[in-house]
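Just below is one structure, and these are the notes that go with it.
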Amino acid sequence: MPIEKVEVGFDTSFSGAGNFFTLDDATKGQLNSSSYPLGGLQFIDVTQRVKRFNISRGRSSLFTTFPAGQLNVEFNNHDRAFDPLYDQSPFVGNIVPRREIRVTTADDVQYIGWIDDWSFSYLPNGDSVAEAIAYDATSIIAGQTIGSATPSIQQSGARVNYVLDTINWPIGSRAVDTGLAELGNQVITVNTNAMTYLQQIAASEPGLVFIDKVGSLTFLDRSTTPNSEEFVLFGGTGIPFQSVSVSYGSDNLYNEITVSRVSGGTALVTDPQSIADYGARALDAPEVLLSNDADLVDLGLALAQEYSLPEYRFSSLEIALHKLDPAQQTSVLSLDLGSIAKIVFTPNSIGDPIERFVQVISMNHTVTTVNHFIEFGFKSVDNAYLVLDDAEFGKLNSYSLSW
Numbered sequence: 018m019p020i021e022k023v024e025v026g027f028d029t030s031f032s033g034a035g036n037f038f039t040l041d042d043a044t045k046g047q048l049n050s051s052s053y054p055l056g057g058l059q060f061i062d063v064t065q066r067v068k069r070f071n072i073s074r075g076r077s078s079l080f081t082t083f084p085a086g087q088l089n090v091e092f093n094n095h096d097r098a099f100d101p102l103y104d105q106s107p108f109v110g111n112i113v114p115r116r117e118i119r120v121t122t123a124d125d126v127q128y129i130g131w132i133d134d135w136s137f138s139y140l141p142n143g144d145s146v147a148e149a150i151a152y153d154a155t156s157i158i159a160g161q162t163i164g165s166a167t168p169s170i171q172q173s174g175a176r177v178n179y180v181l182d183t184i185n186w187p188i189g190s191r192a193v194d195t196g197l198a199e200l201g202n203q204v205i206t207v208n209t210n211a212m213t214y215l216q217q218i219a220a221s222e223p224g225l226v227f228i229d230k231v232g233s234l235t236f237l238d239r240s241t242t243p244n245s246e247e248f249v250l251f252g253g254t255g256i257p258f259q260s261v262s263v264s265y266g267s268d269n270l271y272n273e274i275t276v277s278r279v280s281g282g283t284a285l286v287t288d289p290q291s292i293a294d295y296g297a298r299a300l301d302a303p304e305v306l307l308s309n310d311a312d313l314v315d316l317g318l319a320l321a322q323e324y325s326l327p328e329y330r331f332s333s334l335e336i337a338l339h340k341l342d343p344a345q346q347t348s349v350l351s352l353d354l355g356s357i358a359k360i361v362f363t364p365n366s367i368g369d370p371i372e373r374f375v376q377v378i379s380m381n382h383t384v385t386t387v388n389h390f391i392e393f394g395f396k397s398v399d400n401a402y403l404v405l406d407d408a409e410f411g412k413l414n415s416y417s418l419s420w
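Here the working numbering runs 17 ahead of the position in the sequence shown, where the first position is 1.
What follows is the structure, encoded as C-alpha cells:
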C-alpha cells in the first residue's frame with residue numbers, strides 16, 4: 018500500500034492547532050523554538066484520522082467541459098476533533114469552509130483544492146464521522162468575471178494568459194501552451210464568466226483547459242501530440258489492470274459539422290460517405306473565437322476527420338494501485354488529465370492482442386486504509402496529429418496533419 022497523506026491548511030494561530038507557538042503554553046510558548054515555530058496558515062497532517070477518501074477529476078465525454086475536481090474525505094470524529102462547536106478540539110477555530118486541502122500518494126501530489134462544506138453524522142453506537150467536501154480551483158475561477166474589453170488578435174495561449182492576468186491568477190499556477198489557433202478581437206462583454214470564457218478559448222483551439230492535480234490552470238493546445246517513447250503501458254508487458262471497458266458505436270460519430278464564429282460567419286462540413294454508411298449525425302460548434310471565417314472551414318474539416326467514423330476505443334480502465342510495486346505505482350501516479358497511455362489487451366486470451374493509444378480525460382481515486390483503486394477514463398488518439406520522426410505517430414496516412 019503506498020503511503021497516503023491528507024493535509025488541511027489550518028490557521029495555526031488558534032491555540033492548540035498543531036505543534037506551533039502557542040501563547041501562555043509552558044512548552045509551545047517558548048520564543049525562538051525551532052520545534053514550535055510561529056503559526057499562520059500551515060498544512061497539518063490529518064491522515065491518521067482519515068477513514069476513506071475519493072477524488073473525482075475530469076469529464077465524462079468528449080464534448081463536455083471539465084467540471085471542478087472534487088474530493089470527499091471521511092474522518093473519524095469520535096473525539097469531536099472536527100466539531101466546530103467543540104472548544105477542546107485540537108483544530109479549534111479551523112473547522113470552517115474555504116480551508117485548503119492537499120492529498121499526496123507516495124510523495125506525489127494527486128489533488129489540491131478548498132473545502133466547500135463540512136457535514137457530520139452521529140450514530141447511537143458512537144460511530145461519528147465528519148466529511149469534508151472540497152473542489153479544486155475551477156470553482157474559484159468560475160466565481161470571477163472579466164470586465165468589458167476588446168482583446169487584440171492573438172494566439173489562443175496568449176488569450177488564456179490575458180484572462181488569467183485579468184483575474185490576477187498567479188504566474189506560478191499556470192501551465193499554458195502557446196496555441197495554434199488565432200483568435201479574433203471580438204468584444205468581451207461586461208461580467209463575462211472567466212471559466213466559461215476559458216472553455217470557449219479551448220473549444221476554439223480546439224484544446225483542453227482544466228486544473229491539474231497540483232492546482233495549476235492548464236491549457237493544452239492541439240499540438241500536444243503523443244510521443245511513442247514516453248507513455249505508460251497498461252497490459253501486455255506493462256502495468257496490470259483490474260478491468261477494462263470498451264466502447265464501439267456512434268456515441269462519438271458526427272458527419273455534419275457546423276462551426277460558427279462570434280461576430281462572423283458559419284461553415285458546414287459534411288462527409289457524404291459517412292452519411293451514406295451510418296446516417297446523418299450532426300455536431301454543432303457555436304461561438305468559437307477564431308479571427309477569420311477561413312479557419313472555420315479548417316476546424317470543421319479537422320472535426321469531421323476525427324469523428325466521421327465509428328471507433329473501437331478503450332473507454333475506461335481500473336488499477337489496483339496497492340497491488341503494484343513501487344516503480345509501477347510511480348508510473349501510474351505520474352499520469353494526469355491529458356496524459357498519453359497505451360493499452361494492450363487480449364479479450365479472454367483469444368486471438369491477437371488489441372493495442373491502442375489513449376489520452377486520459379478523467380481519473381477517480383477510491384481510497385481506504387487498506388486499498389487504493391484508480392479508474393481512468395480515456396479518449397482515443399487514433400486521429401492524433403502527425404509527429405515527425407516518431408516511430409508510431411510519424412506514420413504517413415495514419416495520423417492527421419495539423420491545420
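No residue lacks a Cβ here, since even glycine has one placed at the ideal position from N, Cα and C.
Figure out for me which residue from the options has the closest Cα to the Cα of residue i.
i: Gln345; options: Ser73, Ile256, Ala85 and Gly189; result: Ile256
i: Ser169; options: Ser138, Gln203 and Tyr139; result: Gln203
i: Asn269; options: Ser240, Ala297 and Lys22; result: Ala297
i: Gly75; options: Tyr324, Ile228, Leu338 and Thr385; result: Ile228
i: Tyr295; options: Pro327, Ser308, Arg66 and Leu320; result: Pro327
i: Leu313; options: Ile336, Thr82 and Arg278; result: Arg278
i: Ser165; options: Arg239, Thr206 and Ile158; result: Thr206
i: Trp131; options: Ser106, Asn185, Glu222 and Gly232; result: Gly232
i: Tyr265; options: Ser332, Gly110, Val375 and Phe258; result: Ser332
i: Ile371; options: Ser262, Gln217, Ala175 and Val305; result: Ser262
i: Asp238; options: Gln290, Asn208, Ala175 and Ser280; result: Ala175
i: Phe395; options: Val113, Thr81, Phe374 and Thr386; result: Phe374
i: Leu307; options: Phe83, Val63, Leu197 and Thr81; result: Leu197
i: Leu181; options: Val361, Tyr152 and Tyr214; result: Tyr214
i: Ile378; options: Gln65, Leu58, Ser78 and Ser325; result: Ser78
i: Ser260; options: Pro364, Phe80, Asp124 and Val109; result: Pro364
i: Glu323; options: Phe99, Asp399, Ala311 and Asn185; result: Asp399
i: Asp301; options: Asp124, Glu273 and Asn111; result: Glu273
Give the straight-line distance between the Cα atoms of residue i and residue j, rounded to the nearest whole angstrom.
i: Gln171; j: Ser397; result: 30 Å
i: Asn210; j: Met380; result: 26 Å
i: Ala136; j: Tyr179; result: It is Ser, not Ala, that sits at residue 136 in the sequence shown. C-alpha separation (whole angstroms): 38 Å.
i: Ile150; j: Asn89; result: 5 Å
i: Leu48; j: Leu334; result: Interpretation of Leu48 is limited by its pLDDT of 48, a score under 50 that renders its predicted location unreliable; no figure is taken from the coordinates.
i: Ser240; j: Leu320; result: 15 Å
i: Asp104; j: Ala192; result: 42 Å
i: Phe27; j: Phe60; result: 6 Å
i: Leu200; j: Thr287; result: 24 Å
i: Tyr128; j: Ala147; result: 20 Å
i: Leu352; j: Leu318; result: 31 Å
i: Glu24; j: Ile292; result: 54 Å
i: Ile218; j: Val177; result: 7 Å
i: His339; j: Pro19; result: 6 Å
i: Asn309; j: Asp153; result: 35 Å
i: Pro289; j: Tyr329; result: 21 Å
i: Ser73; j: Val126; result: 14 Å
i: Thr81; j: Tyr271; result: 15 Å
i: Ile188; j: Ser356; result: 22 Å
i: Asp100; j: Leu225; result: 40 Å
On the DSSP letters alone, give me the boundaries of the beta strand (DSSP E) that residue i sits inside.
i: Tyr152; result: Ser145 to Tyr152
i: Gly174; result: Per DSSP, Gly174 belongs to no beta strand (DSSP E); it is in the alpha helix (DSSP H), Ser173 to Thr183.
i: Asp28; result: Glu21 to Asp28
i: Asp301; result: Ala299 to Val305
i: Leu225; result: Leu225 to Ile228
i: Met380; result: Ile371 to Thr385
i: Lys274; result: As written in the sequence, residue 274 is Ile, which differs from the Lys given in the question. It spans Glu273 to Arg278 - the beta strand (DSSP E) in which Ile274 sits, taken as one unbroken run.
Between residue i and residue j, which are expected to be in contact by the criterion C-beta below 8 Å, what is the C-beta distance as a whole number of angstroms?
i: Glu91; j: Arg69; result: 5 Å
i: Phe248; j: Ala358; result: 6 Å
i: Thr121; j: Lys230; result: About 10 Å; that fails the 8 Å criterion.
i: Ser145; j: His95; result: 5 Å
i: Ala299; j: Thr275; result: 7 Å
i: Asn71; j: His389; result: Contact doesn't hold; Cβ gap of about 11 Å is too wide.
i: Thr183; j: Ile163; result: 5 Å
Which two residues bound the contiguous alpha helix (DSSP H) that contains residue i?
i: His187; result: With the sequence shown as reference, residue 187 is identified as Pro, and His is not the correct amino acid for it. Careful: Pro187 lies outside any alpha helix (DSSP H) and carries neither H nor E.
i: Val314; result: Ala311 to Tyr324
i: Thr155; result: Thr155 to Ala159
i: Ser348; result: Pro343 to Leu350
Checking the sheet assignment: what are the DSSP bridge partners for residue i?
i: Tyr265; result: Tyr329
i: Asn93; result: Val146
i: Asp134; result: Ile150
i: Leu58; result: Asp28
i: Glu199; result: Gln172
i: Asp125; result: Thr122
i: Ala337; result: Phe390
i: Ala358; result: Val249 and Val375
i: Thr283; result: Ser277
i: Ala192; result: Thr235
Against chain D, does residue i count as a neighbour if the rule is that its beta carbon must be under 9 Å from one of theirs?
i: Ser106; result: The chain labelled as chain D is not found in the depicted structure, where only one protein chain is given.
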